[in-house]
Structures are given as C-alpha cells and as structure tokens.
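Number of protein chains: 6
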Amino acid sequence: MSQRVPIDYGDASAEVRAVFDDIKRSRNVADVNNFWKYLAHDPVTLKRTWESIKEVMAPGALDALTKEMIYLAVSVTNGCGYCIASHNAAARKAGMTDAMFGELMAVVGMANETNRLANGYRVPIDPAFEK
Amino acid sequence: MSQRVPIDYGDASAEVRAVFDDIKRSRNVADVNNFWKYLAHDPVTLKRTWESIKEVMAPGALDALTKEMIYLAVSVTNGCGYCIASHNAAARKAGMTDAMFGELMAVVGMANETNRLANGYRVPIDPAFEK
Amino acid sequence: MSQRVPIDYGDASAEVRAVFDDIKRSRNVADVNNFWKYLAHDPVTLKRTWESIKEVMAPGALDALTKEMIYLAVSVTNGCGYCIASHNAAARKAGMTDAMFGELMAVVGMANETNRLANGYRVPIDPAFEK
Amino acid sequence: MSQRVPIDYGDASAEVRAVFDDIKRSRNVADVNNFWKYLAHDPVTLKRTWESIKEVMAPGALDALTKEMIYLAVSVTNGCGYCIASHNAAARKAGMTDAMFGELMAVVGMANETNRLANGYRVPIDPAFEK
Amino acid sequence: MSQRVPIDYGDASAEVRAVFDDIKRSRNVADVNNFWKYLAHDPVTLKRTWESIKEVMAPGALDALTKEMIYLAVSVTNGCGYCIASHNAAARKAGMTDAMFGELMAVVGMANETNRLANGYRVPIDPAFEK
Amino acid sequence: MSQRVPIDYGDASAEVRAVFDDIKRSRNVADVNNFWKYLAHDPVTLKRTWESIKEVMAPGALDALTKEMIYLAVSVTNGCGYCIASHNAAARKAGMTDAMFGELMAVVGMANETNRLANGYRVPIDPAFEK
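Written out as structure tokens, the structure is:
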C-alpha cells in the first residue's frame, strides 16, 4: 500500500487499532488526526510515538497548556505547517487565548532574531552562565 | 574598533551607556551580559533590540517564567550555544526547577521528532485545524 | 521572462537543452522534473548543479539507494516540500520499500529529537570522540 | 543538583543505574557516553530515550551502518556538534570508511544546496510525485 | 475573533489603522499585505514589528536592494514560503533583475552546502579568523 | 588516515596540491584555510567544491562584497561557527565596514523574526506575489 494514503480505522490492523483506540480514549475524540493515520504505515513507530507523546505531554512539573505552547514554539521555529496547525488547535483546546498566542509569537520571533544576533556577533558565553 | 571585542561601560558612548543603564536598572544587575557588550558596536540595533526584548518579555497574558522557557525552547531548537546558556540562566532565575527543565527538554525533543515525521509522511492538514 | 514560469524544452536555449538532454539520457526519462525547468532561468547554475548531482549521486563507496535515503533524510529535516516529494520518488525508484521508508523516518525523527536534547543539556563532547 | 554536571554511575539512583547497565550491556562498553550522564538528571527522559534509540537503531529493513549514516546526515544538517562527534564515532564503529564518509558528506552538502534552490525558485511539486 | 482571519482596514481598531496608514504612506501602496493583516490580531506586535522593519530596512550603509536580497537569502534558507514570495516581490521592486536573483540563489545554495561540509568535517576555526 | 587531521600541502597528493595551488593563486594567499585542508580527505569533493565556489563567488550581476554578505547571512542563520568566522573575514577583506556588518546583522535578525511570525500566523501568500 502506498505510504501517501491515510489508513483509516476500518482498514487498520489489530495492532494499529489498539493504538487508535488508546488515542481516542485518552483524548476523548471520535477519530484520530491525519498524523496518526499516516504513521499507521509503520505500526512500530506509531506505537512508540504515541506512547512517548502521552508520557511527555502529561501534566507534571509543567501544565498541559505550557507544554502545548512550547510544542507550538518549536513547530513555528521549524516551519512545520502541519505541526503548527495541529498544535495551535491543541493549545487553543488547552486554554490558549488570543492574547497568549500573540505573546507566544512575539517571544518566538524575538528568540529567533536574537539567536542570530548572538551567532553573528560570535558572542562568547559569559562565565556566569557556565556554572 | 574590531567587532570581536566587547564594549565595556567605561569605553561606551553616551548612547550605549544609556541603554546599559536601563538594562542594569530593569534587571537589577551590576553589569550587562556579553550579548549587549557585543551589540554595542551597533548602537541602533542595541537600542531597538533591548527595547523590543523589554516589551516582549514583560509579564502579560503569559508570565515571565513561561516566556523564558519558550525562549529557551527556540534557542535549543536552533542550536544557539550562547542563547541556550543565557536563557537557561534567565529561566532558572525566573523559577525554572530541574523538573521543569527536564520536561521542557522532553517536549522540545518530541516536537523536533514529530515535526520531521509530519514532514516525511507529508501529512495533509486536517480540515478541523483550518478553521 | 518571469522566474515563476517553468522553461520547457521547446522554449529552451541550446545551452539549456544540452543539459536537459543529458538529464533525460542519464535518467532514462521522457522529460525533466520541474526543478530543472525552474533552474533553467539561470543556465550556469543549471549546468553546475546537474553536473554536481550527477557526480555526487553516482554509486561509489555508497550505493544509489543509500544516497537517495540520505538525501531524503536531509530534505525531511529541512522541511523542503518539493525535495521530500521528489527524493521520496527517487528513493522508491532506487528500491526503497515501505519498511525501509518507515525505518528511515524513525531514525530521522530520533536524530532530530536527540540533537535537541544534546543541545539543551549542553553535553560536552566525550574525549574519545575527538580522536 | 545542578543540571550542568554529568551523573556518574557511582552517584546514580537505582533507576538510572538500570538504564546505564542496559546501555553498557547492549553496546558492550565499559561506561556510557556523556549524553546519557546528562540525561540522567531526568530519569524518565533517560529511560524513554534509550528505549526508543534501542528500538529505532536495531537492524531491520535497514542495517545498522545505514542507520548511523542517516543519523549523522541529520546531525550535520542541524549543526549539532555533540551529535556529529558521537554519531561519526558510532558510524565508524559500524563500518563507515573514509570513502563512505566522504560520499555521505557530499550528498548532505548537495541536498542542503538543492533544498534551498527548490525553495528559492518556489518549484511546484510535479504531479508524478504526488501519487 | 479567530486568529485565522485577516483583519482588513475597515474592521481594524484605531491603533491598528494608525500602523496600516503608516505602512501605506511609507510604501506608497493602496493596501497592506496579508502579513500585516494577520499580525493585526496583536496590535503591540504589529506596531513593534513595523517600526523595527522600517528602521532596519531603511537605506544606510547598505542600500535597500542589498537589504532585500539578504532578507530573501535568510527566508530561502529557512524555507518560509510566505517570506520567500513577499521578499522576492520586494527585491524585484527594489531592482533585482533575473540575473541578480540567479546569482543570489547560487550563493545561498553554496553557502548551505559548505555550511554542512564545515559541520561534518568538524573544521576548527583558523586562528587568523579569531582576531 | 583519520578524517580529523588537516592535510597540509606537504602531505597532499598531486591531485589535492593542484587544487590547493589554484586556491592560493586565485586568492593570492600563502596557504589555504582549514576548510580545504579537511575537505582534502575527499579529493573529488575538494575539487568540485572549490570549482563551484570559484564560479559562484566571481563578480557578475552581483559584486563580490554583496555575495560575501549573502554568504555570511546564510551562515549566521544556520549557526555554522566556522562559516561565520571565515566568511566574516572574507567579507571584511572585500570591503565590509563595521556599519555594513551592523546593518547586515540587523536585517538577518529581523528576517529570522518575521519568518517565524509568518509561520506562526500561517499567513497565506497574497495573490499579487504569485505572479
């Protein structure tokens, strides 16, 4: 089967269905996103990625919203169109307001700017930061 | 003067000193970091960058700690050594614990991984994310 | 002529046609891809790029399939949509199976994750790696 | 404990030691690399990352050497100094010769070049690649 | 209001209109680009970004065309589709010919190639460059 | 021979020496930079890279200084330490003043910032840019 076709629940193997079921249950959604339907071409990666995401994104020392905004910041920096769309949606669901999104973008923009200023001026690390 | 030499307060122009003074006052520090001492070769960029940073990083819809962690997430994704060191220090100062840093890194790592899985599988954006 | 229009064989200069002919002969294809039709706006770059590609991608110490998968790994990491699509096709043609693609993506994903963990934890290079 | 200190086996918790032991056994090495000693500050990420790496890097449809070279290609593209050093060493151990490394670098270089040419000329994806 | 809808002049606040008016006057255009209409969701970032752009892109030691070409070089390297399209247009308006664009792309491509060769071979910085 | 040792003229093959001689002659320098001494491990890549660089960097529709500044802009964006150092030196030699460097950095920084704002706000390309 070509990798360029999403695998829907009805066409999925038992192994893939088990992951899809866990995603739907954990996220309380009727169907999984395209990301999982494409990863389903490789059931081992599907399972490992889902289990890692579930572990990493669970609230801990950081709450779910903060984690989603960090995810979005990385996706925006990398310019991953799918990831920006899906994690923007996830962050919204977790409580990100328009104002929070606006400030998030402002920080991401500034960080990308000053990262290059630091590179270009070849700024040596201050001894105080090395501790 | 070569751009590869930091400009210390004692050697700075009045224009640069005014910015350095504002940084020291705003951050309550005795001296500014190397980043500013190198940017001082271009007083216009120094002033604009500091004023932008001050505006962007001020607590608003997002608190100072969240902003510093987002900054760090971007810097880690870009692999900017100076920025990782300085914003790790800033995030620590704003209250980032070891546990929070660990979870931040875990999210940044996962986001960089799944960004590439989404790219490689060329996953189309779910219609629900386009709204 | 606007750079946003592909240059087809029929409209190409003799210089461009010579490169197109060599691509068609070397790859045994009826027509060249869009990539070459756009590069044709700059015949010098067209020629240099094609000759470099031909030299670099020829089987040597690494076989053609391995080279195409490495090319794809880079394109996925950079998020270049055109390059992912074209080098996925080229890798398939060179023998990449679904299982190989799946493992390739898994490695690319992990590498992008651990690259950031190494950056974020600022891991110093082990002396053994410096030899 | 500051995150900027590697955690050696002697100072590690039982949880961390279990992972270190598995790395040493799997790789048949006397000690683990700095990467793991720094990740040890976050035992959950340490365990998940090691188990993912072990699964992803095991020979399958692709052999161990091909996987290491793909890992290196990504690390070189991202400019991650630690990762380049450690995966160069790993690829050498898996059998990468000087000639193979040279061709790997040539492909990585060309891919990064043509990724930008495709971006800059805004080349649309050929219909044949969309199947 | 959803962030995924551009804010047109007619629907904009007085604060946003003031920025739009300044953009239209400075650039002598009838309407602002989408970039500004989306940023308008965050009037603070809109204002700061426009004022920074106006300051940074004004002719100084470098003329407007050189600045636009540098902007385009960065956007091509980052693979930002919107930015490539808009700054290509801006560079054309500032006088970039087809031949200049072709050479710009050739340099951007080579720089991305040799950046990775330098990374992969882990070339130490020549002492002469450190002065 | 390990790839981590530069190959000096005295130890180089005739093939490598021919390239080194051409670099020294073309650039009117007494010795070649480390970049070439490391690439010398792969004479084919050494030769191809040098010939491409020589062709691409020759003055044409863009002068040598503009080309060096574009090269530097890309290297700063990618965070390639060696490339930033060497192309900063080359740009200085070609006539880049402190003021020009400052403005170059300001543009590179802004471009990296707005690239992410465009990504994050998912700004659609204005129809006018598609022509």
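Here the protein sequences line up with chains A, B, C, D, E and F, keeping their order. First residue of the first sequence? That's 1 in my numbering, and the numbers climb one at a time after it. First residue of the second sequence? That's 1001 in my numbering, and the numbers climb one at a time after it. First residue of the third sequence? That's 2001 in my numbering, and the numbers climb one at a time after it. First residue of the fourth sequence? That's 3001 in my numbering, and the numbers climb one at a time after it. First residue of the fifth sequence? That's 4001 in my numbering, and the numbers climb one at a time after it. First residue of the sixth sequence? That's 5001 in my numbering, and the numbers climb one at a time after it. Note that beta-carbon positions come from the ideal geometry of N, C-alpha and C, so glycine has one too.
> Between Glu1055 (chain B) and chain E, is there a C-beta pair that is closer than 8 angstroms?
Replying inline: Translated into the one-based positions of the second sequence, residue 1055 (chain B) becomes position 55. Residue-level contact check: Glu1055 (chain B) touches chain E, since one or more beta carbons of chain E fall below 8 angstroms from its beta carbon.
> Anyone know if the C-beta pair for Val1019 (chain B) and Lys1037 (chain B) falls short of 8 angstroms?
Replying inline: One-based indexing of the second sequence puts residue 1019 (chain B) at position 19. One-based indexing of the second sequence puts residue 1037 (chain B) at position 37. In this structure, Lys1037 (chain B) does not lie closer than 8 angstroms to Val1019 (chain B) by Cβ.
> Taking the C-alpha atoms as reference points, what is the distance between Met2110 (chain C) and Arg2116 (chain C)?
Replying inline: Reading the third sequence from its first residue, position 110 is the one you call residue 2110 (chain C). Reading the third sequence from its first residue, position 116 is the one you call residue 2116 (chain C). One C-alpha to the other measures close to 10 angstroms.
>> Output needed for Met1057 (chain B): all residues of its chain with C-beta closer than 6 angstroms, excluding positions within five of it in sequence on either side, in chain order.
In response: Locating residue 1057 (chain B) in the second sequence gives position 57, counting from the first residue. Counting only Cβ-Cβ distances below 6 angstroms, and skipping sequence neighbours, we find Lys1067.
>> Here's the rule: buried if 16 or more other CB atoms are within 10 angstroms of the residue's CB, otherwise exposed. What is Asn4119 (chain E)?
In response: Here residue 4119 (chain E) corresponds to residue number 119 of the fifth sequence, with the count starting at 1. With 16 or more Cβ atoms within 10 Å of its Cβ, Asn4119 (chain E) is classed as buried.
> What are the boundary residues of the alpha helix (DSSP H) that includes Val107 (chain A)?
Replying inline: Taking the first sequence and counting its residues from 1, one reaches residue 107 (chain A) at position 107. Here the alpha helix (DSSP H) through Val107 (chain A) covers 98-120.
>> Tell me the rounded alpha-carbon separation between Met1 (chain A) and Phe3129 (chain D).
In response: For the purposes of this step, residue 1 (chain A) is identified with residue 1 of the first sequence, where counting begins at 1. For the purposes of this step, residue 3129 (chain D) is identified with residue 129 of the fourth sequence, where counting begins at 1. At Met1 (chain A) the pLDDT is 48, less than 50, meaning the model places this residue with poor confidence; the figure from the coordinates comes in the next sentence. CA-CA distance, Met1 (chain A) to Phe3129 (chain D), rounds to 16 angstroms.
> Whole-angstrom Cβ separation of Thr3077 (chain D) and Val3107 (chain D), contact assumed at under 8 angstroms?
Replying inline: By one-based count along the fourth sequence, residue 3077 (chain D) stands at place 77. By one-based count along the fourth sequence, residue 3107 (chain D) stands at place 107. So it is not a contact: roughly 11 angstroms between Cβ atoms.
>> So with CB distances below 8 angstroms, who are the chain C contacts of Met4105 (chain E)?
In response: Your numbering for residue 4105 (chain E) matches position 105 in the fifth sequence. Neighbours of Met4105 (chain E) on chain C, chain order: Asp2042, Thr2045.
>> Cutting at 6 angstroms between CB atoms, please list the residues of its own chain near Cys4164 (chain E), excluding the five before and the five after it.
In response: Within the shown structure, residues of chain E are numbered from 4001 to 4131, placing residue 4164 (chain E) beyond reach of any answer.
>> Suppose contacts are defined by Cβ-Cβ distances below 8 angstroms. Is Ile53 (chain A) in contact with Ile1070 (chain B) by that definition?
In response: For the purposes of this step, residue 53 (chain A) is identified with residue 53 of the first sequence, where counting begins at 1. For the purposes of this step, residue 1070 (chain B) is identified with residue 70 of the second sequence, where counting begins at 1. At the C-beta level, Ile53 (chain A) and Ile1070 (chain B) stay beyond 8 angstroms of one another.
>> For Met1105 (chain B), tell me which candidate among A:Ala73, A:Val44, A:Thr97 has the shortest Cα-Cα distance.
In response: Indexing the second sequence from 1 puts residue 1105 (chain B) at position 105. For Met1105 (chain B), the nearest C-alpha among the options comes from A:Ala73.
>> Need the endpoints of the alpha helix (DSSP H) that Pro2043 (chain C) sits in, please.
In response: Counting from one through the third sequence, the residue named residue 2043 (chain C) turns up at place 43. First-last of the alpha helix (DSSP H) with Pro2043 (chain C): 2043-2057.
> How long is the line joining the alpha carbons of Arg3092 (chain D) and Ala2012 (chain C), rounded to whole angstroms?
Replying inline: Residue mapping note: residue 3092 (chain D) aligns to position 92 of the fourth sequence, counting from 1. Residue mapping note: residue 2012 (chain C) aligns to position 12 of the third sequence, counting from 1. Straight through space, the alpha carbons of Ala2012 (chain C) and Arg3092 (chain D) are spaced by roughly 46 angstroms.
>> Quick check on Asn5028 (chain F): does DSSP put it in helix, strand or coil?
In response: The sequence position of residue 5028 (chain F) within the sixth sequence is 28, counting from 1. Correct three-state label for Asn5028 (chain F): coil.
> Taking Val5123 (chain F) as the reference, which of E:Leu4065, E:Ile4125, E:Ala4040 has the closest Cα?
Replying inline: Along the sixth sequence, one-based indexing puts residue 5123 (chain F) at 123. Of the candidates E:Leu4065, E:Ile4125, E:Ala4040, the one whose C-alpha sits nearest the C-alpha of Val5123 (chain F) is E:Ala4040.
> Closer than 8 angstroms, CB to CB, is Asn4112 (chain E) near chain D or not?
Replying inline: As a working mapping, residue 4112 (chain E) is identified with position 112 in the fifth sequence. Yes, contact with chain D.
> Between the stretch 4088-4104 of chain E and chain C, which residues of the former have CB atoms less than 7 angstroms from a CB of the latter, in chain order?
Replying inline: Residues Asp4098, Phe4101, Gly4102.
> Gly4079 (chain E) and Gly2079 (chain C): beta carbons closer than 8 angstroms?
Replying inline: Residue mapping note: residue 4079 (chain E) aligns to position 79 of the fifth sequence, counting from 1. Residue mapping note: residue 2079 (chain C) aligns to position 79 of the third sequence, counting from 1. Gly4079 (chain E) is a Cβ neighbour of Gly2079 (chain C), given a cutoff of 8 angstroms.
> Straight-line CA distance for Leu62 (chain A) to Ala90 (chain A)?
Replying inline: Taking the first residue of the first sequence as position 1, residue 62 (chain A) is located at position 62. Taking the first residue of the first sequence as position 1, residue 90 (chain A) is located at position 90. Going from the Cα of Leu62 (chain A) to the Cα of Ala90 (chain A) covers about 16 angstroms.
>> Less than 8 angstroms between the C-beta atoms of Gly3 (chain A) and Tyr1121 (chain B), yes or no?
In response: Taking the first sequence and counting its residues from 1, one reaches residue 3 (chain A) at position 3. Taking the second sequence and counting its residues from 1, one reaches residue 1121 (chain B) at position 121. Here residue 3 (chain A) is Gln; the residue named in the question, Gly, does not match the sequence. Yes. Within cutoff.
> For Ser4052 (chain E), which residues in chain B fall below 8 angstroms Cβ to Cβ?
Replying inline: Taking the first residue of the fifth sequence as position 1, residue 4052 (chain E) is located at position 52. By Cβ distance, chain B contributes Arg1048, Ser1052.
> Nearest-angstrom Cα distance between Arg27 (chain A) and Val5 (chain A)?
Replying inline: The count along the first sequence starts at 1 and reaches residue 27 (chain A) at position 27. The count along the first sequence starts at 1 and reaches residue 5 (chain A) at position 5. Computed Cα separation, rounded: 24 angstroms.
> Any idea what DSSP makes of Val1095 (chain B), helix, strand or coil?
Replying inline: As a first step, residue 1095 (chain B) must be located in the second sequence, where it is residue number 95. Correcting the residue identity first, residue 1095 (chain B) is Gly in this sequence and not Val. Three-state DSSP puts Gly1095 (chain B) in coil, outside helix and strand.
>> Between Asn1115 (chain B) and chain F, is any beta-carbon pair separated by less than 8 angstroms?
In response: Translated into positions along the second sequence, residue 1115 (chain B) becomes position 115. So no, Asn1115 (chain B) is outside the interface.
> Taking the alpha-carbon positions, what's the Ile1132 (chain B) to Asn88 (chain A) distance?
Replying inline: Here chain B comprises residues numbered 1001 to 1131, so residue 1132 (chain B) is not present and cannot be evaluated.
> What did DSSP end up calling Asp11 (chain A) once you bin it into helix, strand or coil?
Replying inline: The residue labelled residue 11 (chain A) in the question sits at position 11 within the first sequence. DSSP places Asp11 (chain A) in helix when its eight states are reduced to three.
> At a CB-CB cut-off below 8 angstroms, which residues of chain A make contact with Asn4078 (chain E)?
Replying inline: Stepping through the fifth sequence from its first residue, residue 4078 (chain E) is reached at position 78. For Asn4078 (chain E), the C-beta contacts it makes with chain A under 8 angstroms involve Gly79, in order along the chain.
> Should Trp4050 (chain E) and Asp4021 (chain E) be called a contact, given that it needs their Cβ atoms to be closer than 8 angstroms?
Replying inline: Taking the fifth sequence and counting its residues from 1, one reaches residue 4050 (chain E) at position 50. Taking the fifth sequence and counting its residues from 1, one reaches residue 4021 (chain E) at position 21. With respect to Asp4021 (chain E), Trp4050 (chain E) sits apart: the two C-beta atoms are not nearer than 8 angstroms.
>> Quick check on DSSP: helix, strand or coil for Met1 (chain A)?
In response: Within the first sequence, numbered from 1, the residue matching residue 1 (chain A) stands at position 1. Here Met1 (chain A) scores only 48 on pLDDT, less than 50, and its place in the model should not be relied on; the value that follows carries that caveat. Reduced to three states, the DSSP call for Met1 (chain A) is coil.
> Can you list the residues of chain F that Val4019 (chain E) reaches, using a CB-CB cut of under 9 angstroms?
Replying inline: For the purposes of this step, residue 4019 (chain E) is identified with residue 19 of the fifth sequence, where counting begins at 1. None at all; the shortest Cβ gap to chain F is about 14 angstroms.
> For Leu3065 (chain D), which of helix, strand or coil comes out of DSSP?
Replying inline: The residue given as residue 3065 (chain D) occupies position 65 in the fourth sequence. Reduced to three states, the DSSP call for Leu3065 (chain D) is helix.
> So which residues on chain F does Ala64 (chain A) lean against when the C-beta distance must stay under 8 angstroms?
Replying inline: Here residue 64 (chain A) refers to the residue found at position 64 when the first sequence is read from its first residue. Chain F residues near Ala64 (chain A): none, gap ~20 angstroms exceeds 8 angstroms.
> What do you reckon, are the CB atoms on Ala1094 (chain B) and Ala1064 (chain B) nearer than 8 angstroms?
Replying inline: Against the second sequence, residue 1094 (chain B) aligns to sequence position 94. Against the second sequence, residue 1064 (chain B) aligns to sequence position 64. Judged by their CB atoms, Ala1094 (chain B) and Ala1064 (chain B) are nearer to each other than the 8 angstroms cut-off.
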